[in-house]
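Peer 1: Under our numbering, the first residue of the sequence shown is numbered 4, with each subsequent residue one higher.
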Amino acid sequence: MATTRDPLEHFAYEVLRAAGLDALPEDAKSEFIVKIRDQAQRRMGAIAVQHLDEQGLGEFNALVGQTPPPDPAAVQSFFTTKIPDFESKMQEGLMAFADEFVAAAKK
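1) Measuring CB to CB, does Leu66 end up less than 9 Å from Phe89?
2) Exposed or buried, Arg40, counting other C-beta atoms within 10 Å across all chains shown (16 or more means buried)?
3) Which word fits Val37, buried or exposed, when buried means at least 16 other C-beta atoms lie within 10 angstroms of its C-beta?
4) From the DSSP output, in three-state form, read off Asp102 for me.
5) Quick one: Cα of Ala15 to Cα of Lys85, how far?
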């Protein structure tokens, strides 16, 4: 597997490692990575949308409704300009998700 990863993939690997699941077979590990990454992305979107006002929501819907869809950098740029302290809100949300995942995996 390539050593260069996007931040969410890196996050997913770290969560897997913290949960003690990094010794899984490679195919199972890859499946978990995809699921963790997708769930983290959904959570980030939900957190971001919660912090938009009505006008911001309208602008966001227009942005994601474009054809072709905007790239992730454009979406992140939108959130960064519209949501004060966006980065720390995302970090808090991702850490909460990581804690939930690790706790569930260790049950």
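The beta carbon of each residue, even a glycine, is placed where N, CA and C say it ideally should be.
Here the structure is a predicted model, which means the values were calculated and not measured.
Peer 2: Taking the coordinates as given:
1) no
2) buried
3) exposed
4) helix
5) 26 Å
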